[in-house]
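Going by our numbering, the sequence shown wraps up at 352, each residue one higher than the last. Glycine is no exception: its CB is placed at the ideal position from the N, C-alpha and C atoms. On a predicted model such as this, the values are computed, not experimentally measured, just so you know.
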Amino acid sequence: MRTIKHIPASALGPGVLGECFREGAAAVVVEGDPAVGTLWRQLMAEPQSMPWASTLYDLSANLLPHDDLTKALGDLYYFKPGRHSYIARKIEISMDDAGLAVRPERFRILGEDVAMNAPLIDDCWAFASSIMAALGPTCDGREFPDSYRVAVQRLKYHESHAGHEALFRMVRNSLGPWARLGYMLDRSREEMRGPLARRGVSDAFALLSLIPFFRWCLTRLHAVQTEAGGVDVPDGCHVIVKAHIDTRYFSALCGNRYNLKTEIWTNSRWLPLPIDCENVAIVPGSGALTSYGIQPTLHRVLQEEAVSEGQVDPLLRNVTLLLGAK
27 MRTIKHIPAS ALGPGVLGEC FREGAAAVVV EGDPAVGTLW RQLMAEPQSM PWASTLYDLS
87 ANLLPHDDLT KALGDLYYFK PGRHSYIARK IEISMDDAGL AVRPERFRIL GEDVAMNAPL
147 IDDCWAFASS IMAALGPTCD GREFPDSYRV AVQRLKYHES HAGHEALFRM VRNSLGPWAR
207 LGYMLDRSRE EMRGPLARRG VSDAFALLSL IPFFRWCLTR LHAVQTEAGG VDVPDGCHVI
267 VKAHIDTRYF SALCGNRYNL KTEIWTNSRW LPLPIDCENV AIVPGSGALT SYGIQPTLHR
327 VLQEEAVSEG QVDPLLRNVT LLLGAK
């Protein structure tokens, strides 16, 4: 039975996480590591400089685009209904003969070019590398990767479902006619559930959805699936990040959850993953399967409709700090 396992930071060492995952853990929460809270506070020390508080002009200047979203860096503005919905700042750290290198090296923030300070880069690398070592080579002859890249990503989700929908409309409104058609097809693909969600099948049904009659049939089918429990979403919640497996070795998550829930799929049901600013929750990705034989974990993000007023700075609400390695 796959579970969420909690371990103290003092127990974390080479191979420890790998052993937890091979013994059945779907996720591991490492508790009591002061480095987690320190990284959170340092990386979020100036929330007004984050991309969600910036202008579109600075956002565009800070983007290093790539057709594969997982390889894009800088300030990311990604709103695809049913798949992802966030604004983020992402850097990538790698080790070469000259030492640590970071991309992008600088960001345009409030009209100035700003570089991330070297000690903080070192701390991010050291933290992610300790998790890589804790995943550890398996005892079946697999070796530790010769090289890997560390991703440091700060993501913010809107505080309401209506806010996400407004952002979707803004993205669509900025597109030309053919691009809008493609955006509609993408949205239809993400709405497919069960067998219809398979690659190729979802593409075909998305094309059929452009025909009004077939669109009506698919809408009715989605409603029937939901009523029958085919789409397991609690009342009052919306899926804002579709169930997926990360391509990296691991994703280590901490942050401030206002009305969000990250859930993992285990034992034929969804379990909420505890996420806060002082502990780190770790889920394995497909890279861990390839290198270590560790089963990756399916996860998704839900948003509750009802929100309660809190004392947290609005610029820090629903912000996730993600560290990973590829």
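#1: Express the C-alpha separation of Ser214 and Leu207 in angstroms, rounding to a whole number.
#2: Hey, Ile117 and Leu99 are a contact pair by Cβ (cut 8 angstroms); roughly how many whole angstroms apart?
#3: Closest to Asp84 by C-alpha separation, out of Leu297, Ala114, Gln68, would be which residue?
#4: Quick one: grab the DSSP three-state call for Val338.
#5: Hey, which unbroken runs of the beta strand (DSSP E) at 3 residues or more fall wholly within the stretch 159 to 215?
#6: Give the C-beta separation of Ala52 and Thr29 to the nearest angstrom, bearing in mind that I take them to be a contact with Cβ-Cβ under 8 angstroms.
#7: Contact criterion: CB-CB distance below 7 angstroms. Does Gly226 meet it with respect to chain D?
#8: Please find out if some non-hydrogen atom of the ligand ATP comes closer than 6 angstroms to the beta-carbon of Asn88.
#9: Whole angstroms is fine: what's the gap from Pro40's alpha carbon to Ala159's?
#10: Check for me: the beta strand (DSSP E) holding Val309 runs from which residue to which?
#11: Where does Thr259 sit, in a helix, a strand or coil, going by DSSP?
#12: Taking Leu279 as the reference, give the member of Glu304, Gln329, Val128, Leu233 with the closest Cα.
#13: Measure the alpha-carbon distance for Pro238 versus Asp212 and round it to whole angstroms.
#14: Would you list the one or two residues that DSSP bridges to Met121?
#15: Quick check: Arg283 and Ile266, are their CB atoms within less than 7 angstroms of each other?
#16: How big is the Cα-Cα spacing for Tyr209 and His325?
#17: Can you tell me which residues form a DSSP beta bridge with Pro145?
#18: Just to check my reading of the structure: Leu349 and His264 have Cβ atoms closer than 8 angstroms, yes? What is that Cβ distance to the nearest angstrom?
Looking at the atomic coordinates:
#1: The alpha-carbon atoms of Leu207 and Ser214 are separated by roughly 11 angstroms.
#2: Between the beta-carbon of Ile117 and that of Leu99 there is about 7 angstroms, and that keeps the pair under the 8 angstroms contact cut.
#3: Selected option, being the one with the closest Cα: Ala114.
#4: Here Val338 sits in coil by DSSP.
#5: List check, beta strand (DSSP E) in window: 176 to 182.
#6: Yes, Ala52 and Thr29 are in contact; Cβ-Cβ is about 7 angstroms, under 8 angstroms.
#7: No chain D appears in the structure shown, which is made up of a single protein chain.
#8: Summarising the ligand content, the structure contains no ligands, and the ligand ATP is consequently not present.
#9: Taking the straight line joining both Cα atoms gives about 5 angstroms.
#10: Boundaries of the beta strand (DSSP E) harbouring Val309: 306 to 310, taken from the DSSP string.
#11: The displayed chain sequence assigns Val, not Thr, to residue 259. Looking at Val259 - three-state DSSP - the assignment turns out to be coil, as it is neither helix nor strand.
#12: Check the Cα spacing between Leu279 and each of Glu304, Gln329, Val128, Leu233: the tightest is with Glu304.
#13: Straight-line measurement puts the Cα of Asp212 at about 17 angstroms from the Cα of Pro238.
#14: The bridge partners DSSP lists for Met121 are Leu126.
#15: Result no, Cβ atoms of Arg283 and Ile266 do not sit closer than 7 angstroms.
#16: Between Tyr209 and His325, the C-alpha separation is close to 24 angstroms.
#17: None, per the DSSP bridge assignment.
#18: Not quite, the Cβ-Cβ distance comes to about 27 angstroms (not below 8 angstroms), so this is no contact.
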